[in-house]
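Residue numbers (full-length UniProt numbering): 1 to 144.
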């Protein structure tokens, strides 16, 4: 079954470059946006199956982006990454249509874990193994 690309949204250009290098190595088609407003424009032109967004961005934050993205694409699977994945953040994310909240990755293995959570259909265990220990994200994950 063919799936549409994944959209990554973050105002941190260096983080997006890290993600892009990993995604490109895996042959995954992806789009990138540096703001919530830009992300919505991308989704209007290029519907995606999944979106990974930062919480804290200038202008539109991840919560509002999640709400508006779900209005455009009700079946969009959204994963939010943040450095502050508290219970309150997870609860607000769920109310905003976000399926999962993960601690913002700082390593390649953590980025791989985020990709696996966001779009498991794009990856195979052989081509893209899940890290042996998910301790960094397991306690901060919230699934609907």
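We put the beta carbon where it would ideally sit given N, CA and C, even for glycine. Since we're looking at a predicted model, the values are computed, not measured.
> If residue 64 sits next to residue 36, beta carbons under 8 angstroms apart, how far is it from one beta carbon to the other, in whole angstroms?
Replying inline: Mapped onto the chain shown, residue 64 falls at position 64. Mapped onto the chain shown, residue 36 falls at position 36. Indeed, because the Cβ distance is near 6 angstroms, the residues count as touching under 8 angstroms.
> Roughly how far, in whole angstroms, is the beta-carbon of residue 9 from the beta-carbon of residue 33, given that I think they are within contact range, below 8 angstroms?
Replying inline: Mapped onto the chain shown, residue 9 falls at position 9. Mapped onto the chain shown, residue 33 falls at position 33. That belief holds up - the Cβ atoms of residue 9 and residue 33 are roughly 5 angstroms apart, short of 8 angstroms.
>> Going by beta-carbon coordinates alone, are residue 77 and residue 51 separated by less than 9 angstroms?
In response: On the chain shown, position 77 is the one that residue 77 refers to. On the chain shown, position 51 is the one that residue 51 refers to. The beta carbons of residue 77 and residue 51 sit closer together than 9 angstroms.
> Taking Cβ positions, are residue 62 and residue 54 nearer each other than 9 angstroms?
Replying inline: Start at 1 with the first residue of the chain shown, and residue 62 comes out as number 62. Start at 1 with the first residue of the chain shown, and residue 54 comes out as number 54. In contact: residue 62 and residue 54 (Cβ atoms closer than 9 angstroms).
> If you check the beta carbons only, do residue 93 and residue 101 fall under 9 angstroms apart?
Replying inline: For the purposes of this step, residue 93 is identified with residue 93 of the chain shown, where counting begins at 1. For the purposes of this step, residue 101 is identified with residue 101 of the chain shown, where counting begins at 1. Against a cut-off of 9 angstroms, the Cβ pair of residue 101 and residue 93 comes out as a contact.
>> Buried or exposed, going by whether 16 or more other CB atoms sit within 10 Å of the CB of residue 58?
In response: Residue mapping note: residue 58 aligns to position 58 of the chain shown, counting from 1. Exposed, by the Cβ-count rule.
> Which runs of the beta strand (DSSP E), 3 residues or longer, sit entirely within the region 60-127?
Replying inline: Here the runs fully enclosed are 77-82 and 100-103.
> So what's residue 149 in DSSP terms, helix, strand or just coil?
Replying inline: Lying before the first or after the last residue shown, residue 149 is absent from the chain, which here runs from 1 to 144.
>> I'd like the list of long-range same chain contacts for residue 80, defined as Cβ closer than 6 angstroms, with 5 residues on each side in sequence excluded.
In response: As a first step, residue 80 must be located in the chain shown, where it is residue number 80. Answer for residue 80: 53, 55, 62, 93, 98 and 101, listed in chain order.
>> Check this for me: beta carbons of residue 83 and residue 67, under 9 angstroms apart or not?
In response: For this step, residue 83 is matched to residue 83 along the chain shown. For this step, residue 67 is matched to residue 67 along the chain shown. Taking 9 angstroms as the Cβ cut-off, residue 83 and residue 67 do not qualify as a contacting pair.
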